[in-house]
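Novice:
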Amino acid sequence: MHTPDAQGYIPFIHNYCDRRCERCRFVRQCRVGAVDVDDVGEAEDAAADETPEDLRKRLMKLMGLSEEDMAALDAAKEERANEPVDPVEQAREEAEMAEWKREQEALDRKVDAHPLSVMGSTYLDLVRAWIEAREASLKARGVQLHHRMGVDIPAELHTPEMLVLSEAVQELLWFHTIIPAKVGRALHGRMGRAFDDDPLQSDWNGSAKVCLDAVDRSVAAWDTIVELLPEEADDALPMQELLHRIRKGLENEFPDAQRFIRPGFDAHLGG
Ligand code: SF4
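Residue numbers (the numbering used here): 173 to 443.
#1: Please look up how many angstroms separate the CB atoms of Gly378 and Arg431, rounded, as I've assumed it's under 8 Å.
#2: When we look at the beta-carbon of Glu343 and count the other beta-carbons within 10 Å, is it buried (16 or more) or exposed?
#3: Just the Cα atoms here: how many angstroms apart are Leu337 and Ala267?
#4: Hey, Ser390 and Phe426 are a contact pair by Cβ (cut 8 Å); roughly how many whole angstroms apart?
#5: Leaving out the 5 sequence neighbours to the left and right, which residues in its chain are closer than 7 Å to Glu214 when beta-carbon positions are compared?
#6: Is His174 a contact residue of the ligand SF4, with contact defined as CB to any heavy atom under 6 Å?
#7: Could you tell me the distance, in whole angstroms, from the CA atom of Ile303 to the CA atom of Val207?
#8: Taking the straight line between their C-alpha atoms, what separation do you get for Met232 and Met242?
#9: Do Val387 and the ligand SF4 come close, with the Cβ less than 6 Å from some heavy atom?
#10: Listed by chain order, which residues have C-beta atoms less than 7 Å from any heavy atom of the ligand SF4?
#11: Locate the alpha helix (DSSP H) running through Asp246, then write down its first and last residues.
#12: Assuming the contact rule is C-beta atoms closer than 8 Å, Tyr188 and Gly236 should be a hit. Round their C-beta distance to whole Å, please.
#13: Would Phe437 be called buried (16 or more neighbouring beta carbons within 10 Å of its own) or exposed?
#14: Quick one: complete alpha helix (DSSP H) runs, 4+ long, within the region 301-338?
#15: Would you report the Cα separation of Arg365 and Glu328, rounded to the nearest angstrom?
#16: Report yes if the C-beta distance between Ala408 and Ile350 is below 7 Å; otherwise report no.
#17: At the level of alpha carbons, what is the spacing between Lys311 and Arg252?
#18: Using three-state DSSP, classify Pro435 as helix, strand or coil.
#19: Short of 6 Å in beta carbon distance, which residues of its chain neighbour Gly314, apart from the five on each side in sequence? Order them along the chain.
#20: By alpha-carbon positions, which one of Asp395, Asp388, Gly356, Trp394 ends up nearest to Lys282?
#21: Which value, in whole angstroms, describes the spacing of the CA atoms of Ala353 and Thr294?
#22: Helix, strand or coil: how does DSSP classify Val283 here?
#23: For Gly292, does the three-state DSSP call read helix, strand or coil?
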């Protein structure tokens, strides 16, 4: 599973990573990373100016499709569009789609009500409120909140302590959205038995493993923040406590998560 495909990309590696492409060692062996890296350095508003032709090229690169593949897909699409519609078949497809939608909505409600989802979204809200209240003061002290920001921070504020604090805050901000997203995906996968049925090498175990890593790195980030900004200790406590509870919940719900082998990243574990 760690072997690159014919185009040099490791299949599915982007599903079980931290999405920090700018620092990923697999960036050139990952379809998503390769596109992301090639986009960096282009004009800030490149996406806004993207023409349909640019978008098509980007999708081709992302999916590893050639011009011939695209021509075949276009031809198949046109053929389908020109096929006469069978009203009985169409009604059957619509009924199936409506049933699938009902099942998905019921699953969404179950996932949203799960204690892990509630803790994940509460954690996101708390971190968001925490950073909103401190964004200006942290910036004024020289904290770089995002790796692509901070060019306006005066050189004298670039102390080793501020660099460490910046890194911790960036980790925290990055993972506070990843945690609820991965919790949701893991629960959806397991409750809906999506993608595959392998009890160990399943998408839900992979998502839970990524989430456990995000939780551990967030715990470490909070430890650093509290060490460097002891006045934040009291306000940080509920979020630190929540992370410990999320970790426990993940271990209970996904006891095999750590045995999942992530393509590329866990090459040392075999698979
Ligand atoms: S595997 Fe690396 S390059 Fe690919 S999406 Fe994940 S972080 Fe980005």
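Built from N, CA and C at the ideal position, the CB exists for glycine as well.
Specialist: So, from the data block:
#1: Position 206 of the sequence shown, counting from 1, holds the residue named residue 378. Position 259 of the sequence shown, counting from 1, holds the residue named residue 431. Contact doesn't hold; Cβ gap of about 11 Å is too wide.
#2: Position 171 of the sequence shown, counted from the start, is the residue given in the question as residue 343. Buried.
#3: For the purposes of this step, residue 337 is taken as residue 165 along the sequence shown, with counting starting at 1. For the purposes of this step, residue 267 is taken as residue 95 along the sequence shown, with counting starting at 1. Each residue's alpha carbon lies about 55 Å from the other.
#4: Start at 1 with the first residue of the sequence shown, and residue 390 comes out as number 218. Start at 1 with the first residue of the sequence shown, and residue 426 comes out as number 254. With a Cβ gap of about 18 Å, Ser390 and Phe426 do not count as contacting.
#5: As a working mapping, residue 214 is identified with position 42 in the sequence shown. Because the pLDDT at Glu214 is just 49, under 50, the model does not fix this residue reliably, and the value given afterwards should be weighed accordingly. Around Glu214: no qualifying Cβ.
#6: Counting from 1 along the sequence shown, the entry for residue 174 is found at position 2. It does not: the Cβ of His174 is nowhere closer than 6 Å to a heavy atom of the ligand SF4.
#7: Here residue 303 corresponds to residue number 131 of the sequence shown, with the count starting at 1. Here residue 207 corresponds to residue number 35 of the sequence shown, with the count starting at 1. The alpha-carbon atoms of Ile303 and Val207 are separated by roughly 30 Å.
#8: Working through the sequence shown from its first residue, we reach residue 232 at position 60. Working through the sequence shown from its first residue, we reach residue 242 at position 70. The alpha-carbon atoms of Met232 and Met242 are separated by roughly 8 Å.
#9: Counting from one through the sequence shown, the residue named residue 387 turns up at place 215. No.
#10: Ile185, His186, Cys189, Asp190, Arg191, Arg192, Cys193, Cys196, Phe198, Val199, Cys202, Val204, Gly205, Asp208, Gly436
#11: Residue 246 sits at position 74 when you count from the first residue of the sequence shown. First-last of the alpha helix (DSSP H) with Asp246: 239-254.
#12: Along the sequence shown, one-based indexing puts residue 188 at 16. Along the sequence shown, one-based indexing puts residue 236 at 64. Actually they do not touch by this definition, with Cβ atoms about 19 Å apart.
#13: Stepping through the sequence shown from its first residue, residue 437 is reached at position 265. Buried, by the Cβ-count rule.
#14: none
#15: Start at 1 with the first residue of the sequence shown, and residue 365 comes out as number 193. Start at 1 with the first residue of the sequence shown, and residue 328 comes out as number 156. For Arg365 and Glu328, the distance between alpha carbons rounds to 54 Å.
#16: The residue labelled residue 408 in the question sits at position 236 within the sequence shown. The residue labelled residue 350 in the question sits at position 178 within the sequence shown. In this structure, Ile350 does not lie closer than 7 Å to Ala408 by Cβ.
#17: Mapped onto the sequence shown, residue 311 falls at position 139. Mapped onto the sequence shown, residue 252 falls at position 80. Distance between the alpha carbons of Lys311 and Arg252: 55 Å.
#18: Here residue 435 is taken as the residue at index 263 of the sequence shown, counted from 1. Coil at Pro435, not helix or strand.
#19: Stepping through the sequence shown from its first residue, residue 314 is reached at position 142. For Gly314, where only same-chain residues beyond five positions count, the Cβ hits under 6 Å are Ile325, Leu329, Met334.
#20: One-based indexing of the sequence shown puts residue 282 at position 110. Ranking the options by Cα distance to Lys282, first place goes to Gly356.
#21: As a first step, residue 353 must be located in the sequence shown, where it is residue number 181. As a first step, residue 294 must be located in the sequence shown, where it is residue number 122. Answer to the nearest angstrom: the Cα atoms are 12 Å apart.
#22: Against the sequence shown, residue 283 aligns to sequence position 111. The answer is helix: DSSP assigns Val283 an H, G or I state.
#23: Taking the sequence shown and counting its residues from 1, the one referred to as residue 292 is at position 120. Three-state DSSP puts Gly292 in a helix.
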